[in-house]
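Undergrad: Residue numbers (my numbering), protein chains in the order written: chain W, 3 to 371; chain H, 132 to 192.
Backbone N, C-alpha and C define an ideal beta-carbon position, used for all residues, glycine too.
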Amino acid sequence: MEVLLAGILQSSFKDWIMVAIGILLIYLAVKKDFEPSLLIPMGFGCIIANIPLSGAIGPEGVFNYLNASLIVTDIAPLLIFIGVGAMIDFGPLLQNPLMLLFGAAAQFGIFATLLVAALLGYPLNQAASIGIIGAADGPTSIFVASRFARELLGPISVAAYSYMSLVPMIQPPVIKALTTKKERMIRMPYRPESVSRQVKLIFPILVTIIAGIIAPQSVALIGFLMFGNFLREAGVVDRLSKSAQNELVNIVTILLGLTIGSTMLGSQFLKLSTLGIIALGLVAFIFDTAGGVVFAKILNLFVKNKINPMVGAAGISAFPMSARVMQKLAQKEDPSNFILMQAIGSNVAGQVGSVLAGGIIVALLSGML
Amino acid sequence: MYNLFLAVNASKMNAPFSAESFDTFMKGLKITGLGMTTVIGVLFLIYLIIKLLIKIFPENK
Chain W
3 MEVLLAGILQ
13 SSFKDWIMVA
23 IGILLIYLAV
33 KKDFEPSLLI
43 PMGFGCIIAN
53 IPLSGAIGPE
63 GVFNYLNASL
73 IVTDIAPLLI
83 FIGVGAMIDF
93 GPLLQNPLML
103 LFGAAAQFGI
113 FATLLVAALL
123 GYPLNQAASI
133 GIIGAADGPT
143 SIFVASRFAR
153 ELLGPISVAA
163 YSYMSLVPMI
173 QPPVIKALTT
183 KKERMIRMPY
193 RPESVSRQVK
203 LIFPILVTII
213 AGIIAPQSVA
223 LIGFLMFGNF
233 LREAGVVDRL
243 SKSAQNELVN
253 IVTILLGLTI
263 GSTMLGSQFL
273 KLSTLGIIAL
283 GLVAFIFDTA
293 GGVVFAKILN
303 LFVKNKINPM
313 VGAAGISAFP
323 MSARVMQKLA
333 QKEDPSNFIL
343 MQAIGSNVAG
353 QVGSVLAGGI
363 IVALLSGML
Chain H
132 MYNLFLAVNA
142 SKMNAPFSAE
152 SFDTFMKGLK
162 ITGLGMTTVI
172 GVLFLIYLII
182 KLLIKIFPEN
192 K
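(1) Sorted by chain position, which residues of the same chain lie with C-beta nearer than 7 Å to isoleucine 84 of chain W's C-beta, five sequence neighbours on each side aside?
(2) Looking only at its chain, what residues have a beta carbon closer than 6 Å to the beta carbon of proline 43 of chain W, apart from the 5 residues adjacent to it on each side?
(3) Measuring CB to CB, does alanine 108 of chain W end up less than 8 Å from isoleucine 135 of chain W?
(4) Pull up the distance between the alpha-carbon of proline 218 of chain W and that of alanine 365 of chain W, whole angstroms please.
(5) Please list, in chain order, the chain W residues whose beta carbon lies closer than 8 Å to that of alanine 94 of chain H.
(6) Who are the Cβ neighbours of serine 348 of chain W in its own chain at under 6 Å, not counting the five residues just before and after it?
(7) Along chain H, in chain order, which residues have C-beta atoms closer than 7 Å to that of alanine 129 of chain W?
(8) With three or more C-beta pairs closer than 8 Å as the rule, is the segment 7 to 23 of chain W touching the segment 261 to 276 of chain W?
(9) Please classify glycine 369 of chain W: is it buried, with 16 or more other beta-carbons within 10 angstroms of its beta-carbon, or exposed?
(10) Does any residue of chain H bring its CB to less than 8 Å from the CB of serine 243 of chain W?
(11) Can you tell which of W/Ala213, W/Tyr192, W/Leu81, W/Tyr29 has its C-alpha closest to the C-alpha of leucine 95 of chain W?
(12) Would the C-beta of asparagine 252 of chain W count as close to the ligand ADP, meaning under 7 Å from any of its heavy atoms?
(13) Whole angstroms are fine: how far does the CA of leucine 41 of chain W sit from the CA of phenylalanine 92 of chain W?
(14) Would glutamate 195 of chain W count as contacting chain H if we go by Cβ distances under 8 Å?
(15) Taking DSSP as the reference, what is the three-state secondary structure of asparagine 307 of chain W?
(16) May I ask you to verify whether the segment 279 to 295 of chain W touches the segment 167 to 177 of chain W, counting CB pairs closer than 8 Å and requiring at least 3?
(17) Looking at the secondary structure, which residues open and close the alpha helix (DSSP H) in which aspartate 139 of chain W lies?
(18) Could you give the DSSP three-state label for alanine 106 of chain W: helix, strand or coil?
(19) Can you find a C-beta in chain H that's less than 8 Å from the C-beta of valine 201 of chain W?
(20) Is the segment 116 to 129 of chain W touching the segment 141 to 159 of chain H in the sense that three or more CB pairs, one from each, lie closer than 8 Å?
(21) Which residues bound the alpha helix (DSSP H) around tyrosine 192 of chain W?
(22) Could you tell me whether any Cβ in chain W is nearer than 8 Å to the Cβ of leucine 135 of chain H?
(23) Here's the rule I'm using: 16 or more other beta-carbon atoms within 10 Å means buried, otherwise exposed. How should glutamate 37 of chain W be labelled?
(24) Once the 5 residues before and after phenylalanine 232 of chain W are set aside, which same chain residues still bring their CB inside 6 Å of it?
(25) Identify the contact partners of phenylalanine 110 of chain W in chain H, using a Cβ-Cβ distance below 8 Å as the criterion.
(26) Is it buried or exposed for asparagine 2 of chain W, if we count other Cβ within 10 angstroms and need 16 for buried?
(27) If you count every other CB in all the chains shown that lies within 10 Å of the CB of lysine 306 of chain W, and 16 or more means buried, which is it?
(28) Are the C-beta of serine 198 of chain W and some C-beta of chain H separated by less than 8 Å?
(29) Can you give the Cα-Cα distance for alanine 78 of chain W and leucine 72 of chain W, rounded to whole angstroms?
(30) State the Cα-Cα distance for the pair asparagine 66 of chain W and alanine 58 of chain W, rounded to the nearest angstrom.
(31) Tell me whether the beta-carbon of alanine 325 of chain W lies closer than 8 Å to the beta-carbon of arginine 234 of chain W.
(32) Just mark serine 331 of chain W as buried or exposed, buried being the case when its beta carbon has 16 or more other beta carbons within 10 Å.
(33) Could you check where the alpha helix (DSSP H) with lysine 183 of chain W kicks off and where it finishes?
(34) Would you call the CB atoms of isoleucine 49 of chain W and leucine 155 of chain W closer than 8 Å?
(35) With a 10 Å radius around its C-beta and 16 neighbouring C-beta atoms as the bar for buried, classify serine 167 of chain W as buried or exposed.
Shown next, in the form of structure tokens:
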């Protein structure tokens, strides 16, 4: 009888709090539609790992093997990037390449948060891993955190994916605080450049080579994303492209979510610093949005055709939600204003920018630590 | 099998706004300066190359 009750007898309140957090994640995913494809596996992984005396963790536990093979090796985030690349249509960006600059400006949150975290006492490796929540891109956050602060993988992943779902609530107040109604009503006539198939095929190879030269340590990050996009654009491997977009991403997402959830152990997760990370994640998203908006406003001082600053805010990588939010906001101010295509271009640029920023942080930090 | 769960060693936190945290801040400032400049520079370079590619490979109408 004692054997059967050992779990209850040896459990601590922290285990049960974590089980409750796992259930909360599942609730948010199912009821509120917060990134359900990742939060459901994460929630379940968290429950399985925190059951007292769980055999799923520990030296011979399945999660230990999954962690060692998928996360420590970076395999899971990289495989997801192949699928993400295959899903993204860079067409709107190539038709309006100026939007690339917003994809850069809206990464400001990563670096600003790194600085805030450093001031709050987080060591450099952790501060950088927390800052990368501002990439608004789950796999990039996991890639960087698994290298430099594996102990924070759980809270960083929860923050990254939760705030990506909360973009419709986070971005509008920041934009309203930084712009006037007149600025939000700026119309941007859509004059797309015509883009040939050759350019669409050269783009992923070009980005891989340039980013690889700048940050060779993390070339896999952008390389896998662009490889996925090449599969999509090549037009001769539809089967591979569809597999990358569906089966590959789905299987890896399930395993990645479960494994990350399993790292959320009470002894490591229930700390004041976890709350700090969740709060700093929000700071990162706010600075990202501000960076994009302010950059657009600065550009407007020099260009003839004014840019709606909300397009700058779409430069964060939460694709395609941020672009949709901007279009909604624009139409709220002026129902006949249509900035969706420009916002999508900026949003897609944010995907490239965030991966690039992640890679550059890996390169810079590797040289410092 | 190496136990990754037990192997995790959280780095030591500094006191907020202490001399150590300012030291980390200064290192972070260096990463920020280099990082932001590089991200903007690389994406601007890609922008220029795309513009060039669009001219070299125009779409056949």
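TA: The answer reads as follows:
(1) Taking C-beta separations shorter than 7 Å and ignoring five residues to either side along the sequence, the partners of isoleucine 84 of chain W in its chain run Phe226, Phe229, Gly230, Ala246, Leu250, following chain order.
(2) Excluding residues within five positions, the ones whose Cβ falls inside 6 Å are Ile256, Gly259, Leu260.
(3) Taking 8 Å as the Cβ cut-off, alanine 108 of chain W and isoleucine 135 of chain W do not qualify as a contacting pair.
(4) Distance between the alpha carbons of proline 218 of chain W and alanine 365 of chain W: 8 Å.
(5) No statement about residue 94 of chain H is possible, as the shown extent of chain H runs from 132 to 192 and does not include it.
(6) Excluding its 5 nearest sequence neighbours in each direction, serine 348 of chain W has C-beta neighbours in its own chain below 6 Å: Met101, Phe104, Val313, Ala316, Gly317, listed in chain order.
(7) Contacts between alanine 129 of chain W and chain H, judged by CB atoms closer than 7 Å, involve Thr155, Gly159 in chain order.
(8) With the rule of 3 Cβ pairs closer than 8 Å, the segment 261 to 276 of chain W counts as touching the segment 7 to 23 of chain W.
(9) Only exposed fits glycine 369 of chain W, as fewer than 16 other CB atoms lie within 10 angstroms of its CB.
(10) Residue-level contact check: serine 243 of chain W does not touch chain H, since none of the beta carbons of chain H fall below 8 Å from its beta carbon.
(11) Closest option to leucine 95 of chain W, Cα to Cα, is W/Tyr192.
(12) Ligands displayed in this structure: none; no statement on the ligand ADP is therefore possible.
(13) Phenylalanine 92 of chain W and leucine 41 of chain W have their C-alpha atoms roughly 27 Å apart.
(14) At least one chain H Cβ lies under 8 Å of glutamate 195 of chain W.
(15) Coil, per DSSP.
(16) Enough Cβ pairs lie closer than 8 Å, so yes.
(17) Segment: none, aspartate 139 of chain W is in no alpha helix (DSSP H) and carries neither H nor E.
(18) Alanine 106 of chain W: helix per DSSP, three-state reduction.
(19) At a cut-off of 8 Å, the C-beta of valine 201 of chain W has a neighbouring C-beta in chain H.
(20) Touching, yes.
(21) Tyrosine 192 of chain W -> no alpha helix (DSSP H), and no H or E assigned at all.
(22) Here leucine 135 of chain H scores only 42 on pLDDT, less than 50, and its place in the model should not be relied on; the value that follows carries that caveat. So, interface residue.
(23) Looking at its Cβ environment, which holds 16 or more other Cβ atoms inside 10 Å, glutamate 37 of chain W is buried.
(24) Answer for phenylalanine 232 of chain W: Pro206, listed in chain order.
(25) Those within 8 Å of phenylalanine 110 of chain W in chain H are Met167.
(26) Residue 2 of chain W falls outside the range modelled here, since chain W spans only 3 to 371, and no answer is possible.
(27) Around the CB of lysine 306 of chain W, fewer than 16 other CB atoms lie within 10 Å, so the residue is classed as exposed.
(28) Taking Cβ atoms only, chain H reaches closer than 8 Å to serine 198 of chain W, which makes this a yes.
(29) So the two alpha carbons sit approximately 5 Å from each other.
(30) The straight-line gap from Cα to Cα measures roughly 8 Å.
(31) No; because the gap between Cβ atoms is not below 8 Å, this pair is not in contact.
(32) It should be noted that the sequence gives leucine, not serine, for residue 331 of chain W. Classification of leucine 331 of chain W: buried, given that the 10 Å Cβ count is 16 or more.
(33) From DSSP, the alpha helix (DSSP H) with lysine 183 of chain W extends over 183 to 186.
(34) A distance of 8 Å or more separates the beta carbons of isoleucine 49 of chain W and leucine 155 of chain W.
(35) Here serine 167 of chain W is buried, its C-beta having at least 16 other C-beta atoms within 10 Å.
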